[in-house]
Amino acid sequence: MTATRKIMMLALAGALTVGGVPVLTACSPQQALQGAVENAIEDATGVDVNVDGGTMPEGFPAEVPVISGEITSSGSLGTGADRAWSVVVKVSDPTTSYEDAKGKLLAAGFNADFDATADGASTGMFSNAQYSVVVATTGTGSDNNVSYVVTQVVTP
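Here the sequence shown stands for residues 182 to 337, numbered as in the numbering used here.
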């Protein structure tokens, strides 16, 4: 992983953390904070950042299947071959939802590069010739999520 890609992934995680804070719909202070975070990350890294909230991020690859559910946060970072996307889907059962996500990716032709479940949390890394996908579940009883981070495969 290049230094630029590491910086992008850290910036994306930070942007999505702010974008994923529970807020009221159309809350002006949240929109201002979101814009400020996007601008700060863009200024610091020189990389385009977009936090989209409850919709699929613009340009999310159609080749990457995502489970059904309420999108609680999403975003993208970068442009061109250095672009990455993130989507968080609220689910009722993280274990079943992870298996569903894994099954959809395998059916779409992705390879399972890593797959682990421990203490009710699951994480998997999947890839094909174009994309690398990390899927992870989190759950605290009533607040369960499946998170996707998608990056483009960079060939040397």
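By construction, the Cβ of each residue, glycine as well, lies at the ideal position given by its N, Cα and C atoms.
In the DSSP assignment, find the unbroken beta strand (DSSP E) run with residue i in it and report its ends.
| i | result |
| --- | --- |
| Ser328 | 325 to 333 |
| Ala262 | From DSSP, Ala262 is part of no beta strand (DSSP E); its letter is neither H nor E. |
Between which two residues does the alpha helix (DSSP H) harbouring residue i extend?
| i | result |
| --- | --- |
| Asp281 | 275 to 288 |
What does the alpha-carbon distance come out to for the pair residue i and residue j?
| i | j | result |
| --- | --- | --- |
| Val316 | Thr304 | 6 Å |
| Thr276 | Asn325 | 10 Å |
| Val335 | Ser313 | 10 Å |
| Asp259 | Asp300 | With the sequence shown as reference, residue 259 is identified as Gly, and Asp is not the correct amino acid for it. Cα to Cα, the separation comes out at about 34 Å. |
| Ile252 | Gly322 | 18 Å |
| Phe241 | Leu287 | 18 Å |
| Gln307 | Ser273 | Residue identity check: residue 307 is Phe in the sequence provided, not Gln. Rounded to the nearest angstrom, the two C-alpha atoms are 23 Å apart. |
| Ala243 | Asp294 | 21 Å |
| Gln311 | Ser257 | 17 Å |
| Thr298 | Pro337 | 32 Å |
| Thr318 | Ala289 | 20 Å |
| Gly320 | Asn309 | 28 Å |
Taking buried to mean at least 16 other C-beta atoms within 10 Å of its own C-beta, is residue i buried or exposed?
| i | result |
| --- | --- |
| Thr236 | exposed |
| Gly261 | exposed |
| Phe291 | buried |
| Pro238 | buried |
Determine the DSSP secondary structure at residue i, reduced to helix, strand or coil.
| i | result |
| --- | --- |
| Asp294 | strand |
| Ala302 | strand |
| Ala317 | strand |
| Ala243 | coil |
| Gly350 | Because the chain here runs from 182 to 337, residue 350 falls outside it and cannot be looked at. |
| Gly256 | strand |
| Ser249 | coil |
| Pro337 | coil |
| Val269 | strand |
Would you say the stretch 241 to 250 touches the stretch 278 to 287, given that touching needs at least three Cβ pairs under 8 Å?
A contact exists between the stretch 241 to 250 and the stretch 278 to 287.
Three CB pairs or more closer than 8 Å across the stretch 313 to 333 and the stretch 262 to 279
Contact holds: three or more Cβ-Cβ distances are below 8 Å.
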